[in-house]
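K.L.:
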Amino acid sequence: MLSERVTLAPKLLFGFLPICYGGMLLIALPNTQMWLVLAAVVLVVLLVLLISVDVPLQTSWPVFPGVFLVLVSSIDLSQGAPIQGPITRTSAELLVAYLPAALYILWGLYAIWKGKAVM
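The sequence shown: position 4 = 3 (numbering that gives the first Met the number 0), numbered continuously.
#1: Taking the straight line between their C-alpha atoms, what separation do you get for L16 and I111?
#2: Determine the DSSP secondary structure at P61, reduced to helix, strand or coil.
#3: Could you tell me if A50 is buried or exposed, where buried requires 16 or more neighbouring beta carbons within 10 angstroms of its beta carbon?
#4: To the nearest whole angstrom, what separates the beta carbons of V52 and L108, a pair I think is in contact under 8 Å?
#5: What does the Cβ neighbour count give for K115, buried or exposed, with the cut at 16 atoms within 10 Å?
#6: With DSSP run on the structure shown, which of helix, strand or coil describes T31?
#7: Does DSSP classify A8 as helix, strand or coil?
#8: According to the neighbour-count rule (16 or more other Cβ atoms, all chains shown, within 10 Å of its Cβ), is A8 buried or exposed?
#9: Under three-state DSSP, which class holds V41?
#10: Just the Cα atoms here: how many angstroms apart are L68 and I18?
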């Protein structure tokens, strides 16, 4: 079985893909600064929540890109930005982004559950 430190590199690498895509969606929105602050607040609240229940950040890392992608896709859909965005042309593309985001969240929750079961 691989150690947690060895598996951290692929987690970080795969975690940056939804962050980059979500960042591009976020930059394309009107009032980018307001939405960036909202996303930062949500991620900090998630961080505080995970720290308060004693979950290691290495284990819970995949949850953050998933939550970020869900948040940005939801904001983008609510603003009607696919029409004006440079990345997406239809709302269906944003709806498809929920699938990998859900998979990232499930991956993180499974890692947390597996880590808690070992303890």
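Ideal placement from N, C-alpha and C gives every residue a C-beta, glycine not left out. The structure presented is a predicted model; accordingly, all values stated were derived computationally and were not measured.
P.N.:
Walking through what the data contain:
#1: Roughly 21 Å between the two C-alpha positions.
#2: Three-state DSSP puts P61 in coil, outside helix and strand.
#3: First, the amino acid is wrong: residue 50 is Ile here, not Ala. Counting C-beta atoms within 10 angstroms of its own C-beta, I50 has fewer than 16 neighbours from the protein chains shown and is therefore classed as exposed.
#4: Here V52 is actually not in contact with L108; their C-beta atoms are around 12 Å apart, not less than 8 Å.
#5: Classified as exposed, K115 has fewer than 16 neighbouring CB atoms from the shown chains inside 10 Å of its CB.
#6: Shown here, T31 sits in a helix according to DSSP, grouped into three states.
#7: It is helical.
#8: Burial state of A8 is exposed, judged by a 10 Å Cβ sphere holding fewer than 16 other Cβ atoms.
#9: Note: V41 maps to helix in three-state DSSP.
#10: Going from the Cα of L68 to the Cα of I18 covers about 7 Å.
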